[in-house]
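Residue numbers (full-length UniProt numbering): 1 to 76.
So the structure is just underneath, and the comments pick up after that.
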């Protein structure tokens, strides 16, 4: 009777491991797919606007007052 109990326990463990693997594999796979989708969304958001770092003001680094450093009175 001990041998029948041992064989039943081993068969139960093997069947339980098989069922757990079958249902657990899909869960792990779905988690990996979800993480990959989130990563793809983050990468796509960065590539949406290729002109994001372009200066919108073309005169940003240009001197606006050309007479600022000019000597206007020769007698000073």
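No residue lacks a Cβ here, since even glycine has one placed at the ideal position from N, Cα and C.
This one's a predicted model, so the numbers in the text were calculated from it and none came from an experiment.
To the nearest angstrom, how far is it from the Cα of residue i to the Cα of residue j?
{"i": "residue 70", "j": "residue 58", "result": "25 Å"}
{"i": "residue 18", "j": "residue 24", "result": "10 Å"}
{"i": "residue 46", "j": "residue 36", "result": "16 Å"}
{"i": "residue 61", "j": "residue 51", "result": "19 Å"}
Helix, strand or coil for residue i, going by three-state DSSP, please let me know.
{"i": "residue 33", "result": "helix"}
{"i": "residue 53", "result": "coil"}
{"i": "residue 25", "result": "helix"}
{"i": "residue 125", "result": "Here the chain covers residues 1 to 76 and nothing more, so residue 125 does not appear."}
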